[in-house]
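Residue numbers (the numbering used here): 2 to 254.
Note sheet for the following structure.
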């Protein structure tokens, strides 16, 4: 029997503090519980940038990277011992050609949402780096990985729809207008039949530079959209925190 075709996901992964917010943890958990358990997940995080594509460790994820500072001590004690997916690395080589293998552990862009999304840590994981390539090339690279969905693999891009750390306000109760406008524009671009507006986001999106002073948190969305374009899109999570950090999650089915 062929595996059920799995969705493509994009996580606005949020700050590590998410794990200390019971309401947000529950929201992530509801989204994860609604997805049929996959054979494996391939996750591309904004927090691992490389010149050429690379793969993280293949074995069980016994140790994590705590690539942040100044947060409460419990966040540096989180564990997520999910199984590895060495067979998926072999399949990627068939789809993409030779790819560098490393022993890099999961960074917080990957494990912070997954700890709540699949709290039992039973889904085999493989992390893929974010390589240096143009927006369209990254979208097309995602397209090359679309067959994995039919093989039981969930593809996950992890970044943020808006990401300007210099303007975070931890006491803010409402979202800033510039973040609201950009977030709404992205949602509209994702439901259109053509991806051209999304691919031209730097010129067409309102206040793109203000919402993304650097682009690494937006690029995983382009990769995921490439893998999924033409499928039905929905937004299982929405809203903001800290004034300008979108929590929008995207799912293509």
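Every residue, glycine too, gets a C-beta built ideally from N, C-alpha and C.
- Residue 19 sits in a helix when the DSSP states are folded into three classes.
- Distance between residue 244 and residue 38, taken at the CA atoms: about 34 Å.
- In this structure, the straight-line span from the alpha carbon of residue 116 to that of residue 65 is close to 12 Å.
- Counting other Cβ atoms within 10 Å of its Cβ, residue 221 reaches 16 or more and is therefore classed as buried.
- Counting along the chain, the unbroken beta strand (DSSP E) around residue 251 starts and ends at 250-253.
- Relative to residue 82, the option among 62, 72, 75 whose CA is nearest is 62.
- Taking the Cα of residue 40 as reference, the smallest distance to any Cα among 103, 84, 250 is reached at 84.
- In this structure, the CA atom of residue 173 is about 27 Å from the CA atom of residue 79.
- With 16 or more neighbouring CB atoms inside 10 Å of its own CB, residue 93 falls in the buried class.
- With a beta-carbon spacing of about 7 Å, residue 54 and residue 129 fall inside the 8 Å limit used to define contacts.
- In the DSSP assignment, residue 160 is bridged to 13.
- CA-CA distance, residue 100 to residue 51, rounds to 12 Å.
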